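Asks: In my numbering, the protein residues as written are 143 to 512. Beta carbons: idealized from backbone N, C-alpha and C, even for Gly. The structure displayed is predicted, hence computed values, not measured ones. What follows is a structure written as structure tokens; I'll ask about it next.
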């Protein structure tokens, strides 16, 4: 509740002139975005009455303050699902609910089923809108607001340890505009071999899924294809609050007993122990499967390295044979050229011999006549 109370003091402002006036009022060199005091901190400087919005109190914040460096705007991550809407709500009424959080780029309402979607400029603005408006009563109906399911997100497995966020985005951008690409790392920052890619629309996501399924998409020199699957969607932020539980007969039956530890020697303890034994067996089998897969991958990598070495040797041998063949062909050409030169020389000598003989005969003829 404290968070919601603080957030209600925020008013989004896109007017630069108004923002500069508020920054001057807040203090020299102090951004207006810093004027919002956190719980436990001294209150922010008061804004003069002439600069405060007449319709509501609080501080004005530049909308750019809600964008992280390099963050793209109006992405699927900024899309909110709004449920339990009145059936007679208009698009203007729907947009008016979110007008203080900036200009939306997408508004959709299904009046018959009482839900809608809206896309805001940044994830932070969407989080603020969700925190403030979820549970708000509109025409005697509490609104249910959560982040919409990302229908254009893919899970990418079998990633090489040298693949980065940037390379992952660059690789999948050939299928269409990518909003976000992340390589998942562990608590020490080491790559886990998994990642995800979020496209701006469903068609490029389907194209990537089909192309990578039919072919072998390689991101690095090693012939290690990535495995692409639709991303499983989970809500790990809101979970399942009590107010959304369906109060069925099974619900009331299961809620008859409070949380407790089963006492040894009881019926509960016996079957609880069997459940735990089953879970332990599943854990051991999963560990065995993981070991088998890991050993198979290590074996495949060793075979691939050996095969690559052999392939390189084969290429070197082929190159050597090609060079030898080239040398042999050049040697043949050289020999042919030498043979031609010899033949030319022999022809010249023969012609000289014939000419000498004719000259001798000519001189002998002249002597006889004399």
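May I have a chain-ordered list of the alpha helix (DSSP H) segments no shorter than 4 residues that lie completely inside the region 283 to 314?
Replies: Here the runs fully enclosed are 307 to 314.
Asks: How about residue 220 and residue 275: are their beta carbons less than 7 Å apart?
Replies: Going by C-beta atoms, residue 220 is not nearer than 7 Å to residue 275.
Asks: With 16 other CB atoms within 10 Å as the buried threshold, where does residue 217 fall?
Replies: With 16 or more Cβ atoms within 10 Å of its Cβ, residue 217 is classed as buried.
Asks: Would you call residue 400 buried or exposed, if buried means 16 or more other Cβ atoms sit within 10 Å of its Cβ?
Replies: When all chains shown are included, residue 400 counts as exposed.
Asks: Residue range of the alpha helix (DSSP H) that residue 355 falls in?
Replies: 344 to 356 is the extent of the alpha helix (DSSP H) around residue 355.
Asks: For a quick check, are the C-beta atoms of residue 344 and residue 293 less than 7 Å apart?
Replies: In this structure, residue 293 lies closer than 7 Å to residue 344 by Cβ.
Asks: What residue from 316, 312, 347, 303 has the CA that sits closest to residue 327's CA?
Replies: Of 316, 312, 347, 303, the residue nearest in Cα terms is 303.
Asks: Please list, in chain order, all residues of the same chain as residue 248 whose beta carbon is under 6 Å from its beta carbon, the five residues on each side excluded.
Replies: Correct list, in chain order: 261.
Asks: Please report the straight-line C-alpha distance between residue 421 and residue 411, rounded to a whole angstrom.
Replies: Using only the alpha carbons, I get a separation of about 15 Å.
Asks: Could you work out which residue in 277, 475, 215, 429 is closest to residue 342 when comparing CA atoms only?
Replies: Selected option, being the one with the closest Cα: 215.
Asks: Buried or exposed for residue 413, please, with buried defined as at least 16 other CB atoms from any protein chain shown within 10 angstroms of its CB.
Replies: Under this definition residue 413 is an exposed residue.
Asks: Considering only their Cβ atoms, is the gap separating residue 287 from residue 222 smaller than 7 Å?
Replies: In contact: residue 222 and residue 287 (Cβ atoms closer than 7 Å).
Asks: Which word fits residue 386, buried or exposed, when buried means at least 16 other C-beta atoms lie within 10 angstroms of its C-beta?
Replies: Flag for residue 386 reads exposed.
Asks: Determine whether the beta carbon atoms of residue 209 and residue 264 lie at a separation below 7 Å.
Replies: Yes.
Asks: Output the boundary residues of the alpha helix (DSSP H) element that contains residue 404.
Replies: Careful: residue 404 lies outside any alpha helix (DSSP H) and carries neither H nor E.
Asks: Can you check which of these residues, 396, 465, 268, 296, is closest to residue 368 by C-alpha distance?
Replies: It is 296 whose Cα lies nearest to the Cα of residue 368.
Asks: I'd like to confirm the pairing. Which residues does DSSP put opposite residue 225 in its beta bridges?
Replies: Paired residues: 257, 286.
Asks: Please report how far the alpha carbon of residue 469 lies from the alpha carbon of residue 478, in whole angstroms.
Replies: Approximately 14 Å, taken between the alpha carbons.
Asks: Would you kindly check if the distance between the Cβ of residue 298 and the Cβ of residue 324 is under 7 Å?
Replies: Going by C-beta atoms, residue 324 is not nearer than 7 Å to residue 298.
Asks: Starting from residue 272, follow the alpha helix (DSSP H) in both directions and report where the run begins and ends.
Replies: Unbroken alpha helix (DSSP H) run through residue 272: 265 to 275.
Asks: Going along the chain, which residues of its own chain have a beta-carbon closer than 8 Å to the beta-carbon of residue 405, five neighbours each way excluded?
Replies: Excluding residues within five positions, the ones whose Cβ falls inside 8 Å are 411.
Asks: Measuring CA to CA, which of 254, 281, 408, 391 is closest to residue 239?
Replies: Selected option, being the one with the closest Cα: 281.
Asks: From what residue to what residue does the alpha helix (DSSP H) around residue 322 run?
Replies: Looking at the DSSP string, residue 322 is not in any alpha helix (DSSP H); the run it does join, the beta strand (DSSP E), is 320 to 327.
Asks: Decide if residue 272 is buried, meaning its Cβ has at least 16 other Cβ atoms within 10 Å, or exposed.
Replies: By the 10 Å Cβ count, residue 272 comes out buried.
Asks: Below 7 Å between beta carbons: does that hold for residue 236 and residue 258?
Replies: A contact, by the Cβ cut-off of 7 Å.
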